[in-house]
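Report on the structure given below.
In our numbering, the protein residues as written are 99 to 763.
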């Protein structure tokens, strides 16, 4: 019985950890050609190829398969340390001599000075510098020559070499010194500083991992008498000295590890996340962390290799304190940069990078829908309309007051510029103004969505009917609606605009309407009249014709949630471009969307939610596409004219050409 209880406890712990933070991870093992003992270094060349060394093999990964490069005849390689690139030529730092890739083999680099121990390489302002065991060397006329050498340095075998500015190159030494090479004056400076690693972010900032202090930004290096003075700024402080290596990703977050224990991610929102084998890591014996130019994280292990894809998003579930994995709504929170997340079991607030819970009378705070107006929150619980204040500090509900009984199910709330409430229900549209609840239209249909646009028009979409547009105005009798027009059929060549599920207004003033079965409609309005309507569906690049929700971020980009995934729309030259983000973002289904003030997109994607972080466009670079194999009728085919005459015969069928491109999305 004790054994059974222990097994159940252990299984529960494993399942809990496994769902905590999901990684978009790809592992590579011996099945893909990876050595059983793994890799000790990773490098990406200017073409985008990934190069790896295992100590005994040099391999290249082209995004499809691994290829091994062997030493040529009479070429000795007892051990290989890492790969570098010199003048677009691939070199291998190896023992007993430096090697280069020549066609499919490794050959010695000649002439070369093999008496120096090369540790690292940096191409800077047209020159190739080598960090060696006794200082800085330069590649000149085919030789590696001393440039700023000092036998007292004795740099270890795995230190970085980074350019701080045009004339200063920096490295570290045994967690005790920051070594600065002044290449302009050919002077070396050793500054006492417990630096264990150096990295650089996308903006070019130099970041230092300081033992017992944390991660700091290197701001300035200034001359002071006969030495230099260092100015740093703390970025992510921590006192642990167990971390020795780190990299920075495209979101500015830091990745490091505790050897044999866990992979660690330090978020810029002061959030720390840890990962281990339960999250998909193939090993905890880390050899190197490497960030490629697409900002995917590669990890070389002692027994394999893995890649964590740059999805630019984070998932939150009940394991991160969500009341439930079933999401009802997103809306702006009571405090600056806070976001409220409504679930079927209670309301959460995302604050300072953490998911927290809102409570009322020591119980989870529940509601079906909610909207904020000033310091107050208005919400519906079942058929009752309430007001209250959610304290942004304690996250407790106070001053709750029941305002009215709708006597039907409330679906959505909107607030007009005067602070009056507009309420969509399953039996029409109501208004709450001057402490009175009134029905403002005679239509008693189920209204699924309402929206007030920037021109003061109220848009209302029926669950099983058409779209209405009203002008909202106020008289002595209270709020009134004047219908401007309604739409259910635009033309015989366009699907019907019915069964409304979502709506949003673009930065240009266009109205986007999502439907249950018929895709997305873009309406152009002028002087309260419908001028034009455009339709977008699967044939126009939308991932699906069921449009659950729409959000517009601060940059004006429109995000579309469909049953099949997530889409992005941007207006260029009076034309809307539709992009399917489902595969790139690894999101195959989306139901509810919200754009926060930083243009992050919140997506209800079971289980729980996904926050898609705002990202900068990737730098456009050329990349190579190679033909990796040709088969005809199942047999290998060589395009060499000397082998097959250079042409296919009429009887040659079942032609298969395999391509491989060095892109890692």
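No residue lacks a Cβ here, since even glycine has one placed at the ideal position from N, Cα and C.
So what does DSSP say about residue 665, is it helix, strand or coil?
strand
Own chain, CB closer than 7 Å to residue 600, minus 5 neighbours either side, in chain order:
In chain order, 547, 612, 645, 646, 647 and 648 place their CB closer than 7 Å to the CB of residue 600, counting only its own chain and leaving out the 5 sequence neighbours on each side.
Between which two residues does the beta strand (DSSP E) containing residue 217 stretch?
216 to 222
For residue 680, which of helix, strand or coil comes out of DSSP?
The three-state reading of DSSP puts residue 680 in helix, counting H, G and I together.
Taking only the alpha-carbon atoms, compute the straight-line gap between residue 466 and residue 495 and give it to the nearest angstrom.
15 Å
Measure the C-alpha to C-alpha separation of residue 560 and residue 598 and round it to an integer number of angstroms.
It is roughly 6 Å from the alpha-carbon of residue 560 to the alpha-carbon of residue 598.
Taking just the CA atoms, how far does residue 349 sit from residue 784?
As displayed, the chain neither begins before 99 nor continues past 763, which places residue 784 out of reach and without an answer.
So the candidates are 208, 186 and 202; which of them puts its Cα closest to the Cα of residue 196?
208
From 441, 426 and 433, pick the residue whose C-alpha is nearest to that of residue 420; which is it?
Selected option, being the one with the closest Cα: 441.
Have a look at residue 541 and residue 396 and give me their C-alpha separation to the nearest angstrom.
59 Å
Starting from the C-beta of residue 309, find all residues in its chain whose C-beta is less than 6 Å away, skip the five residues before and the five after it, and write them out in chain order.
273, 292, 294 and 339
Whole angstroms are fine: how far does the CA of residue 711 sit from the CA of residue 256?
33 Å
Run through DSSP, which three-state label would residue 360 get?
Strand at residue 360.
In the structure shown, what three-state DSSP assignment does residue 443 receive?
coil
Just to confirm my understanding: we take residue 491, look at its own chain, exclude 5 residues before and 5 after, and list those with CB closer than 8 Å. What are they?
433
Based on Cα-Cα distance, which residue from 544, 489, 660 and 474 lies nearest to residue 518?
474
Which residues in the same chain as residue 398 place their Cβ atom closer than 6 Å to its Cβ, once the five residues preceding and following it in sequence are excluded?
137, 140, 385 and 386
Near residue 752, what residues of its chain come up, given a Cβ to Cβ distance below 6 Å and the 5 sequence neighbours on each side ignored?
So the list reads 731, once near-sequence residues are dropped.
Proximity winner among 331, 320 and 260, relative to residue 298 (alpha-carbon distances)
260
C-beta contact flag for residue 203 and residue 170 at 7 Å:
yes
Inside the stretch 369 to 454 only - alpha helix (DSSP H) runs reaching at least 4 residues
none
Between residue 166 and the rest of its own chain, which residues show a CB-CB distance below 6 Å, the 5 nearest in sequence each way excluded?
155 and 157
List in chain order: all unbroken beta strand (DSSP E) runs of 3+ residues lying wholly within the stretch 500 to 549.
508 to 513, 519 to 523, 526 to 531 and 534 to 537
Could you tell me the distance, in whole angstroms, from the CA atom of residue 499 to the CA atom of residue 409?
Computed Cα separation, rounded: 43 Å.
Suppose you measure from the CA of residue 245 to the CA of residue 356; what does that come to, to the nearest Å?
36 Å
CA nearest to the CA of residue 591, picked from 572, 576 and 632
632
Grab the span of the beta strand (DSSP E) containing residue 278 for me, first residue to last.
275 to 280
Output yes if chain C places a C-beta closer than 7 Å to the C-beta of residue 756; else output no.
In summary, chain C is missing from the structure at hand, where a single protein chain is found.
Taking the alpha-carbon positions, what's the residue 124 to residue 380 distance?
10 Å
Beta carbon of residue 414 nearer than 7 Å to that of residue 642
no
CA-to-CA distance, residue 435 to residue 332, given in whole angstroms:
23 Å
Following the continuous beta strand (DSSP E) through residue 135, name the residue where it begins and the one where it ends.
No beta strand (DSSP E) contains residue 135, which DSSP labels as neither H nor E.
In whole angstroms, what is the alpha-carbon distance linking residue 173 and residue 152?
18 Å
Taking all protein chains shown into account, do 16 or more other C-beta atoms lie within 10 angstroms of the C-beta of residue 285, making it buried, or fewer, making it exposed?
By the 10 Å Cβ count, residue 285 comes out exposed.
Distance, residue 528 Cα to residue 437 Cα
26 Å
For residue 129, which three-state DSSP category applies?
helix
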